[in-house]
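Participant: Numbering that gives the first Met the number 0 applies: residue 0 is where the sequence shown begins, and numbers increase by one.
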Amino acid sequence: MGNKSFREKGLGADGKWTMFLRILGLTAVIVLVALVVTMTSRQDEKPIESMIDATTQTTQTSFTQETTPVLTTTQTAIQTTTQTTTQTTTQITTQTTSATTAAPAPIAPTDDEMEALINKKYITVNPYSRVGIRRASTLKIVVHYVANPSSTAEQNWNYFNGLAKSHVTSASSNFIIGLDGEIIQCMPIYEIAYANAPINDTSISIECCHPTNDGHFNQATYDSLVKLVSWLANRYGLSRNDVIRHFDVSGKMCPLYWAGDEGSIGYERWMAFKEDLIIDE
Ligand SMILES: [Zn+2]
0 MGNKSFREKG LGADGKWTMF LRILGLTAVI VLVALVVTMT SRQDEKPIES MIDATTQTTQ
60 TSFTQETTPV LTTTQTAIQT TTQTTTQTTT QITTQTTSAT TAAPAPIAPT DDEMEALINK
120 KYITVNPYSR VGIRRASTLK IVVHYVANPS STAEQNWNYF NGLAKSHVTS ASSNFIIGLD
180 GEIIQCMPIY EIAYANAPIN DTSISIECCH PTNDGHFNQA TYDSLVKLVS WLANRYGLSR
240 NDVIRHFDVS GKMCPLYWAG DEGSIGYERW MAFKEDLIID E
């Protein structure tokens, strides 16, 4: 009975207190659990976000670091290709230009070249072919043909030199160009020769050999004539217009193949020859 009353009594007073404590404890536990869960959730979230950020950054970084070099490489490749293409185009253009102007500019003959080509073989000083007198000036270069088909430069030289004894006529030339392109110089360039009357005192004369009656010079003779006339013109400061034919001096059909007035075939041939001259003008 006493226990019962104690328990009842205890239950009556202590029961409410105990219940309060139990509720308070349970509430505290719930609150604690809720706090722990909340904190755990936040702790879990943070690392995830950090991981996401880190992953994103890593992805972005790797994207930036890897992609950019790729692009750069591509751009470099494109630039290289472009440069190569440009260079190729430039090379092609250069080659095309070179091909268009394939023929090299002719070079005026040098003193050394002419020294080697010219055979100085002076004829005897005499009143008929070599008076041994210096010209007053040098204003023209006159071209002739020997008018004796197939004769050689040597034979024509012998003819001029022989006039000293034969006295057949007065005739000579500063130069004779042979059938093989050889050049014989009959007297010093500055001396008077008898070929261009009435302008012997102001002009140089050149006689050219030819194989046939029409007076057509062969290639070897022609080539040496181009060199000799070009060299003399440059040496004396003469122009293309100062290179003339015997025809222009006296009207004689000399040189026959190139003689004639403007409009004639001979004149056209003469003008073509003058185009081949290499004169500094
Ligand atoms: Zn002549």
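All C-beta atoms, glycine included, are put in the ideal place defined by N, C-alpha and C.
Every value quoted in this text rests on a predicted model; they were computed, and no experiment measured them.
Whole angstroms is fine: what's the gap from C208's alpha carbon to A101's?
Facilitator: 33 Å
Participant: Rank L255, N173, E280 and Y221 by C-alpha distance to the C-alpha of N240 and give the top, closest one.
Facilitator: E280
Participant: For N125, which beta-bridge partners are listed by DSSP?
Facilitator: N125 pairs with R129.
Participant: Excluding five sequence neighbours on each side, which residues of the same chain lie with their C-beta closer than 7 Å to the C-beta of A152?
Facilitator: I175, I176, G177, E181, I183 and C208
Participant: Where does R244 sit, in a helix, a strand or coil, going by DSSP?
Facilitator: Strand.
Participant: Could you check the C-alpha separation between W269 and V228 for me, to the nearest Å?
Facilitator: 13 Å
Participant: Per the DSSP calculation, N118 is bridged to which residue(s)?
Facilitator: I183
Participant: According to DSSP, is E274 part of a helix, a strand, or is it coil?
Facilitator: helix
Participant: Between the C-alpha atoms of K120 and D247, what's the straight-line distance to the nearest angstrom?
Facilitator: Counting only the Cα atoms, D247 lies some 28 Å from K120.
Participant: Near A163, which residues of its chain fall below 7 Å by C-beta distance, leaving aside the five closest residues on each side in sequence?
Facilitator: T123, N125, Y127 and S128
Participant: Can you give me the C-alpha to C-alpha distance between P187 and G262, rounded to a whole angstrom?
Facilitator: 37 Å
Participant: Starting from the N-terminal end, write out each residue whose C-beta falls within a distance shorter than 7 Å of any non-hydrogen atom of ligand 1.
Facilitator: H143, Y144, A194, H245, K251, C253 and P254
Participant: So, is I264 buried or exposed, given that buried needs 16 or more other C-beta atoms within 10 angstroms?
Facilitator: exposed
Participant: Apart from the five residues on each side of it in sequence, which residues of its chain come closer than 8 Å, Cβ to Cβ, to N212?
Facilitator: P148
Participant: On the DSSP bridge assignment, give the partners of I175 in chain order.
Facilitator: I183 and E206
Participant: Sort S238, D275, T201 and W230 by Cα distance to R133 and report the nearest one.
Facilitator: T201
Participant: Starting from K139, trace the beta strand (DSSP E) in both directions and tell me its first and last residue.
Facilitator: K139 to Y144
Participant: By the DSSP assignment, the alpha helix (DSSP H) with Q159 in it spans what residues?
Facilitator: According to the sequence provided, residue 159 is Phe. The question's Gln does not apply to it. Counting along the chain, the alpha helix (DSSP H) containing F159 begins and ends at A152 to S165.
Participant: Just to confirm, is the Cβ distance from I243 to K139 under 7 Å?
Facilitator: Annotated as proximal: I243 and K139, with beta-carbon spacing under 7 Å.
Participant: Compare the beta carbon distance of P254 and V142 with 7 Å and say whether it is the shorter of the two.
Facilitator: yes
Participant: Starting from D222, trace the alpha helix (DSSP H) in both directions and tell me its first and last residue.
Facilitator: Q218 to Y235
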